[in-house]
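A short worksheet on the structure shown next.
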Amino acid sequence: MNLKPWLGYAQRALCERHIPEEAFASAIANLAESWIGQPNDASSAPALALFPPDDIPLSEAILHLSALQPQQQALKKNSGQYFTPLSLAENLLNASVRKSNGTVRAESCGKGLTFLDPACGSGVFLYVAARMAAQVTPSSGLDTTRKRATFVNDCLFGIEKDPQVARLARATLTAWILEGAGVAEGVGVGAGIRAEAEAEARLGVHATFLAEAAQITTAKILCDDALLGNAWRSSHFDCVVGNPPFLGVRRGRIPVSEKAALQHRFKTAQGQFDLYALFVEDALTRINEGGFIAFVLPRPLLSNHYSALLRNLLARETTVHNILDFGKPFQAGVEIIGLVASGNSAVSTVTKPETAISSPSAGSANAGSTGHAGIREQQALPVMLFHTPENGLANLVERLSVEFPLLGDLTVSWRGLEFGKKDAAIIKSRISAGALPILQGSDVQRYAIKTPTRFYSPAEESTMGGMQKRRTFSSKFPAGKLLVRRVFPGLAAAYDPDPNLTLNTIYVLMARPEYAKAPHFSYLHWFLLGVINSGIASFWFRNAFVFQENLFPYVRLSQLRRLPCPPPDHPYASQLAELAHTLSLAHQKSSAPGYEALQQTEQHLEILLADMLGLSEPERKMIQLSLSQIGSK
C-alpha cells in the first residue's frame, strides 16, 4: 500500500479503537516493536493490527505513525508535546548542515559530528541526521547493520521524558540500523528487515542483530528530564536539535516545586516563562566550541514580551543564521519557526552553518507525506532581533540620529483605516459607483503600488454619518501622498498619485504644511521616498531597535518617525529625488524593468545618500557588512 492511502487507513484504524490517552503511546510503541520483530509487553496496551506500508522504510513508517497520533488536545496542552512531521525535521536540518549551493557538508554528518535531541519524541531529528549521514558518505559507508550501529552508538544521543515515547525513538533507530542489511544486499530499504529475516532467520543472525541494535538504542535514548536531570550532562555535542515542549507557566501546568527548581537553574526562567526557552538556554551549555543549535520554536519568540530574555540571550551568546517560517503544521494551530544558530565561541574544527537568510529546498517539503496541513515552502524571516550591534555600529546609529533631521520633523503621518480584510465594509468588487478603492499592505512595494483589489463600501454610505466619513477620507487620503508598508523587514515606500484609501497595515505620510513655500517642497516626496527605500535606512532600523521586541513584525509609527534623513535643502537633495522618481516610474511600468539599469540607479542613489550623510569609507563598509550578515531588503 502506498504511503498516502496507508496514512488515511492508519488514522481511521487508530480512531476506531478509541484507545485511552494514557495508553496511546504504549500501543503505538508495541506496534512499532512488533514490526521490527522485537518482543514487547502487549498486555500493557491495546493490541493493534496494522501492517506497515510496503514502499517506505519501516523506520519512516514508525515516524509517520507517531505524527498521526490522534491525542486529545487536553493531553497535548498538558504536556506541550507535538510530534514533528518528518518533512519539517528534514527542512530544519537541511538549513543547518547544507552549504549555500545546496550540497550537504560531508563533515556535518558523515564524519562523526555528534547530535543530541533533548526532547527527542519518536526520534525524527536523530533519524534525519542518520539518513543524511548515509547519503553523504561513500557507497560503502553506512551500508551494513554493523556500520549503522556504530554510527548510532558514536554520533546520536537522545533524551525523552515519557518512557513510552522513548520506546518509539528506540524502535525508529533500531529499524534504521537493521535496514542496513537491505542496503548492503541491494534490495529496497523498505524491505531490508524482512529480506534479512528471510535470508538469515535459520541461522538466528537477525535475532542477534536485533538484540544488539536494541541494546545500543536503549543506551543512546535515555529516559530523563533534560532540564533537571543528568542525562548526557557531562558530554558536549556538535549539534543540539529538536522540537522542545511548548509549555508555559501562565496556566499553571508546571508543578510549583519543579518551577522553583527551573528558576534556580535557568536565567530565562523568569516571569511568565515557557519551557522551550529553557531548552534553548540549556542547549547552549551542551554544544562544543563552534557547535550549533537547530530548534522548532513558537513564532511568538520573535515578538512576545515574555520571550525578550531568550532573544537577548541568543543575541549575546549566538550568531543566528536562519529563521524559517513553518506555518501551522500541528493540529493545535500554533505558528512555528525553525531557528538555526551557532555559539559565539572560538571557531573549532567543527564547520558552522554558513550565514545565510535562505529557505530550505522546496522539494524536501512534502505536505502530503504527513497528513498535516500547513507545511509549505518555507520563507526566511529576519534575524535582526538576534544581531548584536558592535560598538562601531551603535555609535554610527547614534550619530545619525543626533546629527540629522528626523522623518517626523519633515512629515505628518498616520495609520490607515482600522478595518480587517474580512470586515463587512471591505469588499472585493466595486458593487456601486460610490465604493472607494482601498490598499492593503501587500499592495505597497518598493517604488510601486499594485492596482487595488478591494473596495470600501460602508453600509451607512447614504446617511449623514456616511457622508461625513467620506469627507474625512478625502482629507486623510488625498492624491499625492507617500505610503509605507509597515511590515519589517519588508518595509517599503511608494508614491500614490491617487486618492486611494489604505488599511492599517500602511502608514500615510505627507509633507508638513509649513514647508509648502520652501524651495524643496516640490520634490520632498520623491526625496523621502528614496531615503526610506534605501539600504542605509534598512541598516538603521535593524540596529536602532535590535533589542526591542516590538520591532517585529511591525515597525511602529513612532519608530518610523525617528528615521534620520539628510536635510531636504542639501545641494544633492534634488538629484536624489530625481533618482527616486526614475525608480518609481520604472517599477510602475507594466513591462518588467531592466534589472541592470535599475540596479545601477539604486547604487547611484545609495552612494549619493551616503555622501549626504557624510559617511566615511569605513562606515560605508561597516553598513555593507552589516547588511550582508543579516540580509538586506
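Take the sequence shown: its letters are residues 2 to 634, numbered as in our numbering. Note that the Cβ used here is the ideal one computed from N, Cα and C, for glycine as well.
The Cβ-Cβ distance between residue 416 and residue 508 falls below 8 angstroms.
Of the other Cβ atoms in all chains shown, 16 or more fall within 10 Å of the Cβ of residue 144; this residue is therefore buried. Here the alpha carbon of residue 397 sits roughly 21 angstroms from the alpha carbon of residue 569. Of all alpha-carbon atoms in 562, 561, 546 and 604, the one lying nearest the alpha-carbon of residue 312 is that of 546. One alpha carbon belongs to residue 17, the other to residue 83, and they sit about 21 angstroms apart. Counting along the chain, residue 88 sits inside the alpha helix (DSSP H) bounded by residues 87 to 98.
Ranked by Cα distance from residue 522, the first of 481, 494 and 534 is 481. The beta carbons of residue 564 and residue 407 sit closer together than 8 angstroms.
The beta carbon of residue 131 sits closer than 6 angstroms to the beta carbons of 177 from its chain, once the five residues preceding and following it are set aside; these are given in chain order.
In the structure shown, residue 486 adopts extended strand secondary structure according to DSSP, grouped into three states. Between residue 34 and the set 173, 23 and 154, the nearest pair of CA atoms involves 173. Bridge partners of residue 565 according to DSSP: 407. Beta-carbon to beta-carbon, residue 318 and residue 344 are separated by about 7 angstroms, close enough to satisfy the 8 angstroms threshold.
Each of 41, 395, 501 and 497 was checked against the Cα of residue 436, and the nearest Cα belongs to 501. A check of alpha carbon separations from residue 531 across 513, 492, 504 and 559 identifies 492 as the nearest. Per DSSP, residue 121 lies in no beta strand (DSSP E) and is assigned neither H nor E. Between the region 233 to 244 and the region 286 to 300 there are three or more inter-stretch CB-CB distances shorter than 8 angstroms, so the stretches are counted as touching.
Rounded to the nearest whole angstrom, the C-alpha separation of residue 543 and residue 624 is 11 angstroms.
Closest option to residue 298, judged by alpha-carbon separation, among 268, 272 and 246: 246.
The Cβ atoms of residue 137 and residue 87 lie no closer than 8 angstroms to each other.
Taking residue 264 as the centre and dropping the five residues before and after it, the same chain places the C-beta of 270 closer than 6 angstroms to its C-beta, in chain order. According to the DSSP assignment, residue 414 belongs to the beta strand (DSSP E) that extends over 412 to 416. Here residue 419 is exposed: its Cβ has fewer than 16 other Cβ atoms, across all protein chains shown, within 10 Å. Residue 323 has 341 as its beta-bridge partners, per DSSP.
Setting aside the 5 residues that flank it on each side, residue 219 is surrounded in the same chain by 171, each with a C-beta closer than 8 angstroms to its C-beta; the list follows chain order. For residue 599, same chain residues with a beta-carbon under 7 angstroms away, outside a window of 5 residues either side, are 584 and 587 in chain order. Exclusion of the five residues before and after residue 558 leaves 414, 416 and 508 as the residues of its chain whose Cβ lies within less than 7 angstroms of its Cβ. Nearest to residue 161 by C-alpha distance, out of 225, 456 and 27, is 225. For residue 152, the closest C-alpha among the options 61, 68, 259 and 113 is that of 113. The C-beta distance from residue 233 to residue 296 rounds to 17 angstroms, too long to meet the 8 angstroms contact threshold. The three-state secondary structure of residue 436, taken from DSSP, is coil. Beyond the five residues adjoining it in sequence on each side, residue 337 comes within less than 8 angstroms, by CB distance, of 297, 298, 299, 300, 327, 328, 329, 330 and 331 in the same chain, given in chain order.
In this structure, the beta-carbon distance from residue 450 to residue 484 falls below 8 angstroms. Secondary structure note for residue 596: its alpha helix (DSSP H) is the uninterrupted segment 596 to 613. Per DSSP, the beta-bridge partners of residue 243 are 296.
Going by beta carbons, residue 342 and residue 294 fall inside the 8 angstroms limit.
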